[in-house]
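Worksheet: one structure, shown below.
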Amino acid sequence: MRLARLLPRIWPLLLLAWAPAAASSEAGDAGFDLQEVAPGIHVHHGRHELPRAQNHLDIANIGFIVGERCVAVIDPGGSRYVARRLRAALRRVTDRPVCYVIDTHVHADHLLGNAVFREKGVTFIGHEGLPDALLSNEEFFTRQFIEPMGEGGGPDYFVVPDHLVKIGEPMRIDLGNRELVLQAWPKSHTGSDLTVYDPGTRTLWAADLLFMERIPPLEGSLKGWLAVLDELEKIPARQVVPGHGPVIAPWPAALAPERRYLSILLEETREAVAEGLSLQEALERVGYSERENWVLFDDVHGRNVTRAYTELEWE
216 MRLARLLPRI WPLLLLAWAP AAASSEAGDA GFDLQEVAPG IHVHHGRHEL PRAQNHLDIA
276 NIGFIVGERC VAVIDPGGSR YVARRLRAAL RRVTDRPVCY VIDTHVHADH LLGNAVFREK
336 GVTFIGHEGL PDALLSNEEF FTRQFIEPMG EGGGPDYFVV PDHLVKIGEP MRIDLGNREL
396 VLQAWPKSHT GSDLTVYDPG TRTLWAADLL FMERIPPLEG SLKGWLAVLD ELEKIPARQV
456 VPGHGPVIAP WPAALAPERR YLSILLEETR EAVAEGLSLQ EALERVGYSE RENWVLFDDV
516 HGRNVTRAYT ELEWE
């Protein structure tokens, strides 16, 4: 009887105590977080971590766009483990078939999950420079990531896109009353960067041409990247999905931090070269005003200076 009298009073507390566990269970059932940033555009947020076997390379913003006929996956993720979770999350959103997998560039955290979506009717699309870039990285990816993750590797692991977007020749694909515009860019972040634009919602999926919060790593061309940002800014988007950082941000305001960092890297490296500083001296001087503005600065910035110095030394 006493418990019966107390139950109405303690029941709300029991609900509060149970709620986090229930939410955690639901999240576990859901696989991983997924946010609908615009109608039919779903993005999974990647962690701000370096790529390691322990995190299954779940460090990039990846996701999919749903049309009336089918679905386009944009970057399946950095491992089969991550790609399977993305596929499961996709299936909770829609039962429409996947018709395209779009690889935005060569980096492992974006495309090592390709094989999970390899099935009849799925077309893999990438930049015209992606096949060669992927081929040259297969051994490194296998040794550095795939084998430590226990995912085997071998010739069946890699899926090389066979529908290629050429620089200066945008490709349009239709998901069913939803046309996407795919554009390949000159050497910038890498030599194989591709963007996806959804005119219907004015959403630009910039992938790793745009980093927010996390420091942008330079693998292609510093001058090229800054030039590409100028061209990207002309796209009449209202919002953007960056490759790393928040899953959605206002456009073109989102460009400002990355452009500032890359501009400082360019200007200060040029000054170092003009003064006759060695690479080691440049590494100790260039770009440190940006240190507090970026996650993983100490892990990445030195390599950026090295690449910038190499590019600018003989300009």
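In my numbering, the protein residues as written are 216 to 530. Cβ coordinates follow ideal geometry from the N, Cα and C atoms, glycine included.
Listed as beta-bridge partners of residue 387 by DSSP are 396. By the criterion of a C-beta distance shorter than 7 Å, residue 362 is surrounded in its chain by 368, once the five residues flanking it on both sides are discounted. By the CB criterion at 7 Å, residue 328 and residue 294 fall inside the cutoff.
C-alpha of residue 480 to C-alpha of residue 502: approximately 6 Å in a straight line. For residue 446, the enclosing alpha helix (DSSP H) stretches over residues 437 to 447. Judged by their CB atoms, residue 405 and residue 321 are nearer to each other than the 7 Å cut-off.
Looking only at 394, 461, 334 and 486, the smallest Cα-Cα distance to residue 371 is reached by 334. A Cβ-Cβ separation of about 4 Å places residue 457 in contact with residue 425 under the 8 Å criterion. Under the DSSP definition of a beta bridge, residue 250 partners with 258. Excluding the 5 residues flanking it on each side, residue 311 has same chain C-beta neighbours closer than 6 Å at 285 and 286, in chain order. Counting only residues of its own chain and dropping the five nearest sequence neighbours on each side, residue 296 has a CB closer than 6 Å to the CB of 271. Taking 3 residues as the minimum length, the beta strand (DSSP E) runs contained wholly in the region 442 to 482 are 454 to 459, in order along the chain.
The Cβ-Cβ distance between residue 316 and residue 462 does not fall below 7 Å. Ranked by Cα distance from residue 349, the first of 336, 377, 364 and 338 is 377.
The criterion of a C-beta distance shorter than 7 Å is satisfied by residue 283 and residue 391.
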